[in-house]
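Visitor:
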Amino acid sequence: SGGDDNFLIVWSVPEGQIVQRIPGHKNTLCDSCFLNMSGYQLPPLVTASIKGEVNIWLPDNGLTGFMHYSILGIESMPVVPPGVIRYVVMEVGRNREKQRSDGYEGDAIDFESTGGIRLSCSIWDTNEVVRVQLFEFRPKVSLKLLGEFKTTHGRLIVGGQAEGIQKKFHFMTPEEEHLSDGGESSMTTIRMKILFERMEHNANLKVTVEEGKNMKMLEGNRFVTPRIVVKTQRGQEYGTPPVMSSKTPHFNVDMYFGIGPGTSELHVAAQMINKIESTCEEFGTCSLKMDKLLSKVCSQQEPLSNWYVVRSNDEDRKSCGSVRLQFAWTEASKEYSKKYLQFGSPLSAVRADEPSIYAPKRSLRLFGRTMWKGACRWCHQTASHHDSQGRCVSEDPWIPTTINCLSVSSDGALAAWGTEKGQISIVATDTGDQLALWKAHYHHVYSLSFSPDDKSLLSSGLDIHPSMSAEEAATLSPEEIELLPRKSSVLRWDLEGWLKTRMKAR
């Protein structure tokens, strides 16, 4: 259950007792349901808030360890004419970690000369999906998914493929066939090194990056677009979104870390984001000894909150500002506990394109200071028309706002939700891929329900009176449309065939 307090509450029905309270969303929860997914003794949860957030909550089986992936090369790709570019995208979970390579030409790619494409991540769920996708880009023509290699952490560990030895894996096309270069036996393969590092999980540390002050670079004493990155060890590194040109940025971002015997310190880094040049520069750091930090956190009943100075990386170690951090400590859950992780994985807007960041076409600098900034090169608006993180504010009516209802398929593979603007979204629960988004009703979608065989979806919503056509309604003002008589319609959407095609081509 959930409500206005933003908490997700798990109840034990026979006893009528609260099993767990999870600080789920930043807004009011409007719907929740259990997800029937195989591989879990405790079924995952899916929740939705009125502000468009949809999250999946997994059972808390503790931090298993870390996976370190290295892509070394790709062989026997399909032959194409010169000018066609291929690139690789590696992804963990629902866009939790992601790496993308540069573009290459030819029928083979060698990453070993540059050290390979490296990605490290923590494992809280052994059923989490890992996939490597190979794309082909033809300038001014098309972008095409050639194939992907898809598996889970658990399969790699059980199959003995995560021992740090170079292995070869095959790409599968969207039609579920082996990708090849056109020969009879030359299948496209990817060379990878995968290493599993097991960890003894003793405790959980919640770090909240609250705000910063006096954030500046020493050269010219200029303000920056800062973000804060917190790291304990390889595989546990999380960052905040950037806050545009602010001396006192407010972040309010929660991060969760697993603590074990090998966790010796907590490293805090302040970085500057330059969206025009697509660069990220570290301008200040701070390191905290884990044993001293935990002794302070465990000695208090309330979370520990304090300011920490980040200093430059040169010999002078001058102050570049301060960051306010809050720490909370809990014991690690035992294996197969009846509780859920305190942090959820997003299902909404996982695959949506990142909004553009304010980048002025022209600016005026005087004595090392920026005196004036022009219109953004992306949205052609001034800085005041962007949010606190510098993102271009879109007025696109297709962007979902308030979510009214939520439903999941019987096999747990799909989740669907309806909004106040009459839209329905369907996503894949394992990767967060958006499979469909369409205008189903004129106004609010009140409820959704999958059929037992998952071949149909029922939706009920508010529609214009049938005596008026859509063309006639388009000539009316919003005030006149609100005065029209309404009726609630129940529609049945056929998903068979169409949805299978979208699942293959996602």
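Residue numbering for the sequence shown follows our numbering, starting at 7 and increasing by one per position. Glycine included, every Cβ here is placed at the ideal spot set by N, Cα and C. Please read all numbers here as calculations on a predicted model, not as lab measurements.
Rounded to whole angstroms, what's the CA-CA distance from glycine 89 to valine 16? Just pull it up for me.
Guide: Approximately 55 Å between the Cα atoms of the pair.
Visitor: Going by CA-CA distance only, name the one from Lys150, Val136 and Val259 that's closest to isoleucine 91.
Guide: For isoleucine 91, the nearest C-alpha among the options comes from Lys150.
Visitor: By how many angstroms is the C-alpha of leucine 48 removed from the C-alpha of asparagine 2?
Guide: The requested residue 2 is not part of the displayed model; the chain covers only 7 to 512.
Visitor: What does the alpha-carbon distance come out to for the pair glycine 266 and threonine 437?
Guide: When rounded, the distance between both Cα atoms is 29 Å.
Visitor: What does DSSP give as the partner residues of serine 351 in its beta bridges?
Guide: In DSSP, serine 351 forms a bridge with Ile62.
Visitor: Let me make sure I understand the geometry here. Which of Leu162, Arg368 and His184 has the alpha-carbon closest to that of leucine 140?
Guide: Here the closest residue by C-alpha is His184.
Visitor: In the DSSP assignment, find the unbroken alpha helix (DSSP H) run with cysteine 304 in it and report its ends.
Guide: First-last of the alpha helix (DSSP H) with cysteine 304: 296-304.
Visitor: So who's on the other strand from threonine 158, going by DSSP bridges?
Guide: Answer by DSSP bridge pairing, in chain order: Val135.
Visitor: Spell out whether any CB of chain B is found under 8 Å from the CB atom of aspartate 459.
Guide: Of the protein chains in this structure there is only one, and it is not chain B.
Visitor: In chain order, what residues of the same chain have a beta carbon less than 6 Å from the beta carbon of serine 270, not counting five sequence neighbours either side?
Guide: Answer for serine 270: Met296, listed in chain order.
Visitor: DSSP three-state label for glutamate 360, please.
Guide: Since pLDDT at glutamate 360 reaches only 43, below the 50 mark, its modelled position is unreliable, and the value read off the structure follows with that caveat. Correct three-state label for glutamate 360: coil.
Visitor: State the DSSP-derived secondary structure class of alanine 479, mapped to helix, strand or coil.
Guide: Helix at alanine 479.
Visitor: Identify which residue in Asp500, Ser369 and Gln105 has its Cα closest to the Cα of serine 126.
Guide: Comparing Cα-Cα distances from serine 126 to each of Asp500, Ser369 and Gln105, the minimum goes to Gln105.
Visitor: Assuming proline 84 and glycine 188 make a contact with CB atoms under 8 Å, what is their CB distance in whole Å?
Guide: Yes, proline 84 and glycine 188 are in contact; Cβ-Cβ is about 6 Å, under 8 Å.
Visitor: Would you give the residue range spanned by the beta strand (DSSP E) that histidine 256 belongs to?
Guide: It spans 256-265 - the beta strand (DSSP E) in which histidine 256 sits, taken as one unbroken run.
Visitor: May I ask which residues mark the beginning and end of the beta strand (DSSP E) holding glutamine 429?
Guide: Residues 429-434.
Visitor: Cα separation between alanine 275 and asparagine 319?
Guide: Their Cα atoms are separated by approximately 10 Å.
Visitor: With 16 as the cutoff for other CB atoms within 10 Å, does threonine 546 come out buried or exposed?
Guide: Outside the shown range of the chain (7 to 512) lies residue 546, about which nothing can therefore be said.
Visitor: Using a Cβ distance threshold of 8 Å, determine whether the segment 189-206 contacts the segment 72-84, with at least three qualifying pairs required.
Guide: With a cut-off of 8 Å, the segment 72-84 and the segment 189-206 count as touching, because enough Cβ pairs lie within range.
Visitor: Less than 8 Å separating the beta-carbons of isoleucine 430 and glycine 58?
Guide: No; because the gap between Cβ atoms is not below 8 Å, this pair is not in contact.
Visitor: To which residues of the same chain is alanine 358 closer than 6 Å at the C-beta, ignoring the five residues directly before and after it?
Guide: Any answer about alanine 358 is weak, because its pLDDT of 47 lies below 50 and its placement is not dependable; what the coordinates show is given next. Once the five neighbours on either side are set aside, alanine 358 has no close Cβ partner at all.
Visitor: For the beta strand (DSSP E) that asparagine 312 lies in, which residues bound it at each end?
Guide: 310-317 is the span of the beta strand (DSSP E), which, as asked, contains asparagine 312.
Visitor: Nearest-angstrom Cα distance between threonine 214 and asparagine 220?
Guide: Computed Cα separation, rounded: 19 Å.
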